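*Asks:*
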Amino acid sequence: MIDNPFLSDTFTKIWLRHFNQDKPTYSFPCFNPLSFVKSSKWPIYVNTGKNYTKGISYSLFDDRTEGVENKVFLIYDVPTFLDLELNSSNTKLKLTKILQYPGYLVDLGNYTDFNQYFSTSFSKSSRYKLNKYKKRLESCFDISYKMYYGAIDPDQYRTIFVYFKQLLEKRFLDKGTTNNNLDPKEWNFYTEVAYPMILEKKASLFVIYNGDTPIGVTLNYFSDTIVFDAITVFDIDYEKFHLGSVTIMKLIEWSINQKFKYFDFSKGYFDYKKRWATKEYYFEYHLYYDKSSIISTVLGNTIALYFNLKQYFRDKNLNAKIHKLTFWFRNLQVKKNERERYLSIPIEGEMNLEKFIEINRDSDEWKDLKSNIFEFLYLNNSSEKDLKVKKSTLDKNRFVLECKDKRVILTMSKSN
């Protein structure tokens, strides 16, 4: 991989400042072009960037092993689809490959345009549904798409990241689980690193707007041939419109038009990745240790056992359970939101609405009703700009949604 973004000066310098407190890095002639950070207690060297990258590439020169004596080297997240030069037959170092997460990508080189990919990868009925989601989204809202790649106004960047974080928090609060990206230290890193990398065309922000409001955000990284989908989120109130699928359609289309060879969904299994990808691969951790050293050999085998156990627990889905348990403990003091359910009844004929008053879009009632409002718009293919929402002056749990000739009455009841 040429121009790996995770080996760039910008990425590594900012990562070192956030996670290594600017302590020294170490380079070894046999590992090109990697640098390493050292454990404070053990002779263990880990690649700069650790597991914050979406794929590390390197070459091993087994005739240049000076300086590796009594040491252990751990290289995170090496994709198996990369053709790496690892000539280790005569080296002092023993290589152990530790299988980790599955990865998924689209081989864009097989297609001249998005329609060719689309028709090859999906059935006629699936294409109809996916196109319907996109068209319905665009007819119901004031939708625009923007790829920030090579240039972005600093104030605009900061605004997008505010929404980016809010949408992630909203998404994972709804799922009832933690998300590592929202760890303050990790989020601060992404906030700082993405801006300069966008200017260098090593990263981008893809944003779906409703008017001026971001409702979907994706952070991407770029090598010379690969688009890495790093973090993506969308407003869950638009669930009916399948923003995730619309985002993928637009990103793959853009990537083909820009002549990239691969669109990489990166590590971790999700149904949607398998559905859109044309190739499955795996991420490996590459563990090297000085096979002539007893200490290095013991350390290397212990590390390998540790990561193999982690992968076993991951295969048994214990990680997801731990994330949910962690979320529960962190939110013990947070009052649980009641789930608001609404019964929607179409209004046939005339209805006296004298006891209903219109509410504005900044009101709490509107915000609480958003998912129901958007479902109404979707089902009736109606535009948000034509919508009126009215609440009863007699019953705070009754609302009317009105859009041209379509009307429904919502009756709200709360349950845990």
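In our numbering, each number is its position in the sequence shown, counted from 1, plus 902. Glycine included, each C-beta is placed from N, C-alpha and C at the ideal position. Please read these numbers as outputs of a predicted model, since none were measured by experiment.
Please report the distance separating the alpha-carbon of M1049 from that of Y1164.
*Replies:* Taking the straight line joining both Cα atoms gives about 18 Å.
*Asks:* For the stretch 959-975 against the stretch 913-932, do three or more pairs of beta-carbon atoms, one drawn from each stretch, fall closer than 8 Å, so that the two count as touching?
*Replies:* Touching, per the Cβ criterion.
*Asks:* Under a Cβ-count criterion, where at least 16 other Cβ atoms within 10 Å of its own Cβ denotes burial, should F1172 be classed as buried or exposed?
*Replies:* Label assigned to F1172: exposed.
*Asks:* Is the CB-CB distance between Y1051 and S1106 below 8 Å?
*Replies:* Yes, the Cβ-Cβ distance between Y1051 and S1106 is below 8 Å.
*Asks:* If you check the beta carbons only, do L1189 and I958 fall under 8 Å apart?
*Replies:* No. Outside cutoff.
*Asks:* Would you list the residues sitting across from T1149 in a DSSP beta bridge?
*Replies:* DSSP, once it has assigned bridges, lists no residue as partnering T1149.
*Asks:* So F1130 is in the beta strand (DSSP E); what residue range does that whole segment cover?
*Replies:* Taken as a continuous stretch (DSSP letters only), the beta strand (DSSP E) holding F1130 covers 1128-1136.
*Asks:* Rounded to whole angstroms, how far is the Cβ of N1083 from the Cβ of L1070, which I believe are closer than 8 Å?
*Replies:* At roughly 6 Å, the Cβ-Cβ gap stays under 8 Å, so N1083 and L1070 are in contact.
*Asks:* Excluding the 5 residues flanking P981 on each side, which residues of the same chain have their C-beta closer than 7 Å to its C-beta?
*Replies:* Closer than 7 Å at the Cβ level, and outside the excluded window around P981, lie G957, G1005, Y1183, F1185.
*Asks:* Below 8 Å on the Cβ atoms is my guess for L1201 versus Y1191; work out the distance and round it to an integer in Å.
*Replies:* Contact holds; Cβ gap of about 7 Å.
*Asks:* Is it true that the CB of S937 sits closer than 8 Å to the CB of T950?
*Replies:* Going by C-beta atoms, T950 is nearer than 8 Å to S937.
*Asks:* Which word fits F975, buried or exposed, when buried means at least 16 other C-beta atoms lie within 10 angstroms of its C-beta?
*Replies:* Counting Cβ neighbours within 10 Å, F975 comes out buried, since at least 16 surround it.
*Asks:* Counting Cβ pairs closer than 8 Å, one from the stretch 905-918 and one from the stretch 1140-1154, do we hit at least three?
*Replies:* Flag = no, the stretch 905-918 and the stretch 1140-1154 do not touch.
*Asks:* Do Y1047 and F1143 have their C-beta atoms closer together than 8 Å?
*Replies:* For Y1047 and F1143, no; Cβs fall outside 8 Å.
*Asks:* Here's the rule I'm using: 16 or more other beta-carbon atoms within 10 Å means buried, otherwise exposed. How should I1153 be labelled?
*Replies:* Going by the sequence as given, residue 1153 is Leu instead of Ile. The residue in question, L1153, is buried, as its Cβ has 16 or more Cβ neighbours within 10 Å.
*Asks:* Go to Y1280, then tell me how far its beta strand (DSSP E) extends in each direction, as first and last residue.
*Replies:* From DSSP, Y1280 is part of no beta strand (DSSP E) but of the alpha helix (DSSP H) over 1266-1282.
*Asks:* Taking the alpha carbon of T1093 as the point to measure from, which residue in Q923, K1026, Q1058 has its own alpha carbon closest?
*Replies:* The shortest Cα separation from T1093 among Q923, K1026, Q1058 belongs to Q1058.
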